[in-house]
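One structure is given here, and the rest of the page talks about it.
Spelled out as structure tokens, the structure:
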């Protein structure tokens, strides 16, 4: 067993890290980078044991087996023998940058009032300087879909990369998705009317769906008309109907998912994604048939019901993938923002409970990119794609060995320092100085 | 009205039905009835064991004067012939709020109320022993009729409000007499519960453990008050002392609370009569051991409506099994000889009582036991044996007259006599006209079938194959039968009328034809043979497929508690958590629940050999900060709740226990929440899934208490600003104040002063001052951490552990100096302002400085992956794997002062072990087996098999429920369960 010497790391970090100010985004890639000798996990299921990776102007020029080529190294060379290279991890359905401190309301910008808010956009509230956002990078999480919460139609998400001066610079894909909280078969009783406060059958379920359908129909009608009077919500639906905005349905129950599939057909929606999907395994065949991917909620959760397998959340992604459903992982829930940095370990847990490790990696890289519609540039280490990747000392899905030495977003080498590492250095020094005296 | 009743209460002792009448009379002359009423030819159920066939009994002045095969009939007797009828003592319900108006809910603003709202009473509004049923009571004849129709003659009623609820009264449901006559005992019992009064908004207690602590304190205070030590008058304590010798009835609504009530009773030498839940069958031995008499609500769960498979998914196995098993509860109680009586509380006495009773009998409860539960047992319980619940000389003339065996579905209850007064329910001279008859009329041969209850018979009339429309009414033995014309094109009717004064095979009367002509008719009864056969068939005993109880009685329970095994783990990689480090290819022998030997090529010597080649064996994980397995977390009603005990509220049925075992956790500290600076006393548990709460307690662990600092205790994150403290400045003052008072308290205690008052809160604080109880303090930022250490030092004791301690890295040097340990999260932060500087390097820095550092969960989800959380310190700060592993084994054991017993693999220690498929710090590690003291409580292979069993059982129960629904039984809608994830640290769940 390798015992890691924290002092070596500390000194290394002191040399490389401290001269940069926190939160300073890296500038455009000016020099080519060559990474030599690492085990490259491509994110598409393939592994190159002894790899040669070259990128320039933010684009991967070569991803090769090192011994198979005599290609010249270019620019800055990083010797990475024994290390591992991964595509940047993607965090779908995230609220990073929308809330800084859960309990402090002034820092909370995730939920606007109103029920049908397709016109509300997460992007402009995204805080590129969030301390929580920067804490993603040292774990390899480099890209996220920023999603508003609440209401029936929560709003419109955008996809950003996690090293930017401002939201405009952060955009990877603007206004990519419409987010719908699907009605639930259950509803809480109104205790103030002496009803049982527990969850009981939602008698308004059908009406709730009808309201959603009506909203879609009236939007269509308005868009087809002369648009004389402004209607911001209807206008925001236009990209949904012309296929430019993916519809994300946040839903867990089997019946609800089936109804959502029916909704997709009725509304002739091009692209729909299920988010959460706790009970999706029961309708996996229908999901596959209708080409609907699932963003499975974080595996680090407990089963909803006592009688369910204790490892059900650990293995749900695998069960769905085995059925042929396209699956990626998302991390919403309690304390979701700070926990999003654990995405690689969520994938690791899915691997522990039966999924092949490289497939598990896909759950947070290429599959996520495909579902979000950014796989032309992100999600895997392939020639021509963006050089968004990181180098880890070991297996990045295991917290013991997820230790990053480098991370690049579009070829820019981003800082792995954070508010947290700064405090670490400061207080480690405090005690080191005490020892020295 | 109230005044009048009070008056009645005062004069009661002097008043009874046969006392000398001293009331003036101005509306006529005074009369007195001294006649006897004699009942003869009855089948008399003297008591559940004794039946007199063709017996006689006489009553006078509301009492029974003689019973026997043949008794002397005084000259002044009215004789009633009960041939063919049966007489039972009428029933008694000990748990009711009959005649008591619903207590009115106190109104108030949004701010919590911390002080009592009353003066001259106890400091807590929920202690109301001075409440008496009698001054709130007024006879409600409509409600009484429901009871009378079900066969009840006497109920014990009370004001169902508060923790100590005051006295109940025993009242006879006598019709048409004055209130004074009905009251059999105006101070029949004292009632208690764990539920607060709705009449007060006083916060304390907010939890079940607070209610338990409060009851204990009240008992101590009552004694202290009785000794004349109080300067003030306390009407509540006075009343409590006065009620001391009454029957004490404790209302609960779930099995765990039944045990909790009994626990308090045992501590104070009080044997409560316990209102049960109907789930006693789950832990019969423990129920038996309570020695209590139980009052069981005669109520069974309805089947769930599982027709919709999506809905069916939301019904738990536990709920399904309860539906299947609960009807057998009474039978099982009777078999165990646990005394119980029944109550109609929470059901409709008129509609559901008999149906449910017959269901219990159908599930095997004997009729004798059922009758005893309704008569002799409640009579004895309420101190009225011989006077109530029996038909014998000297007893109240409380009895019912039935058409036959009461426990037969078709039996009619004719009369309900209370205190010698008759309540007529059905005319018992009514003739039974049921049967099949041939009726010839106007040349047509009809067949008339009369069935149903004797008083409300129904008719079915056929003419050949054709069904004829008919309407039958039968009143006072006059039959009216309306027949529609056999010619369906016409709307003509035939009307038949006949008087049937006695049972007969020929009903004769007159028929009025559609044309208005009158003719006479005779309906001739057919032979009854075929009818009888059918009835006998019905009576064949049904067998019910009652599923076996498991421990706990839900998914993944044990059908039999697992036993200790001697085991040899062969050829494992052993993580010792000791200086020995990690030993490859090593054997570990477990004998009698202990680690007996560690070495190579050990001899099994009869122990079961487990091949651990390629696997890793570790000590069980210890979670220093957990909130699983508890029925309550926070007592938030006071800023100090040192008196409350988490040991009081252990919930051994929490599935999180099983899931923790599946994650390799074997011990936890069940901590109070962080709602107040001085929290409650911890329970340190071994995760013995299936065991009782007591058996889960880690016996040798020393006592602990939870303290808390920061945002939660100053209530920063919710709308409340009336409780001290609201700032960190105030938090310090709370501690200084309480410990100063504790010192003074101890001094007084030691001085032997006669007026010393035992205070459970102060007792706990004194233990802390004397180093007999350790403090685990919830803490975040450096200023408050430092503050608490300084307060402790000023009072000459040490803080044992800072839990959470997210800024521990900032003051690690000071912590080391103080000698306090740290138990922290691996990487949580940013969820509130005080964790803004929390860093995942915290554990590594504190470890480096030399503190004893543990990684805790505070969360049911994280608890089952503590191995992963420990491993994060390898990433964040580069801790060695051995050190990281110690943070979830030997280090928390040290913090809990149980490191001599658990936390490492060392000869002589308790065998709390986990076998992993991988390096336990790896993300890929999965526990294969988890052992506590030599008992396997988790085994991954057993788990796989149980999944199949659960699937099978659910399928079986769902089909049973569908069948029940098809048979027309009532069903209840499915409700979705919510995950109750309790943290002390998530804002919404603090209170």
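Chains as they are written, first to last, in my numbering: chain G, 423 to 859; chain Z, 41 to 1031.
Just so you know, even glycine gets a beta-carbon here, dropped at the ideal spot from N, CA and C.
Cutoff 8 Å; reference residue i; Cβ partners in own chain excluding five residues on either side
i	result
residue 308 (chain Z)	256, 259
residue 978 (chain Z)	698, 701, 702, 729, 967, 969, 970
6 Å Cβ shell around residue i - same chain, five flanking residues per side excluded
i	result
residue 786 (chain G)	511, 751, 765, 769
residue 461 (chain G)	471, 506
residue 676 (chain G)	701, 704, 705
residue 715 (chain G)	695, 748, 793
residue 830 (chain G)	809, 811
residue 550 (chain G)	586, 588, 589, 592
Environment of residue i [buried if 16+ CB atoms lie within 10 Å]
i	result
residue 707 (chain G)	exposed
residue 649 (chain Z)	exposed
residue 380 (chain Z)	buried
residue 63 (chain Z)	exposed
residue 535 (chain G)	exposed
residue 688 (chain G)	exposed
residue 632 (chain G)	exposed
residue 440 (chain G)	With a pLDDT of only 44 at residue 440 (chain G), under the threshold of 50, the placement of this residue in the model should not be trusted; the figure read from the coordinates follows. Exposed, since its Cβ has fewer than 16 Cβ neighbours within 10 Å.
residue 555 (chain Z)	exposed
residue 464 (chain Z)	exposed
residue 123 (chain Z)	exposed
Residue-level contact to chain G via CB, residue i, 8 Å cutoff
i	result
residue 655 (chain Z)	no
residue 1018 (chain Z)	yes
residue 1036 (chain Z)	Since the first residue of chain Z shown is 41 and the last is 1031, residue 1036 (chain Z) is not available in this structure.
residue 853 (chain Z)	yes
residue 820 (chain Z)	no
residue 931 (chain Z)	no
residue 145 (chain Z)	no
residue 350 (chain Z)	yes
residue 977 (chain Z)	no
Neighbourhood of residue i by C-beta distance below 7 Å, restricted to the same chain and skipping five residues each side
i	result
residue 378 (chain Z)	327, 328, 334
residue 735 (chain Z)	728
Anticipated Cβ contact below 8 Å, residue i with residue j, distance rounded
i	j	result
residue 547 (chain G)	residue 520 (chain G)	6 Å
residue 610 (chain G)	residue 911 (chain Z)	The pair is not a contact, with the Cβ atoms about 39 Å apart (cut-off 8 Å).
residue 682 (chain Z)	residue 617 (chain Z)	Incorrect: roughly 33 Å between the Cβ atoms, too far for contact.
residue 374 (chain Z)	residue 1001 (chain Z)	About 26 Å; that fails the 8 Å criterion.
residue 230 (chain Z)	residue 169 (chain Z)	7 Å
residue 799 (chain Z)	residue 845 (chain G)	Not confirmed; about 44 Å, so no contact.
residue 638 (chain Z)	residue 845 (chain Z)	Actually they are not in contact, since the Cβ atoms of residue 638 (chain Z) and residue 845 (chain Z) sit about 33 Å apart, beyond 8 Å.
Cβ of residue i within 8 Å of any chain Z Cβ
i	result
residue 708 (chain G)	no
residue 860 (chain G)	Here chain G comprises residues numbered 423 to 859, so residue 860 (chain G) is not present and cannot be evaluated.
residue 729 (chain G)	yes
residue 824 (chain G)	yes
residue 770 (chain G)	yes
residue 566 (chain G)	no
residue 759 (chain G)	yes
Proximal chain B residues relative to residue i, where beta-carbon distance stays under 7 Å
i	result
residue 554 (chain G)	The displayed structure is made up of protein chains G and Z, and chain B is not among them.
*Using a beta-carbon distance cut-off of less than 8 Å, what residues from the segment 522-534 of chain G approach chain Z?*
522, 523, 524, 525, 526
*Using a Cβ cut-off of 8 Å, which residues of the segment 253-287 of chain Z contact any Cβ in chain G, in chain order?*
none
*Using a Cβ-Cβ cut-off of less than 8 Å, give me the residues of the segment 985-998 of chain Z that come near chain G, in sequence order.*
987, 990, 994
*Between the segment 810-834 of chain G and chain Z, which residues of the former have a C-beta closer than 7 Å to a C-beta of the latter?*
819, 820, 821, 822, 824, 825
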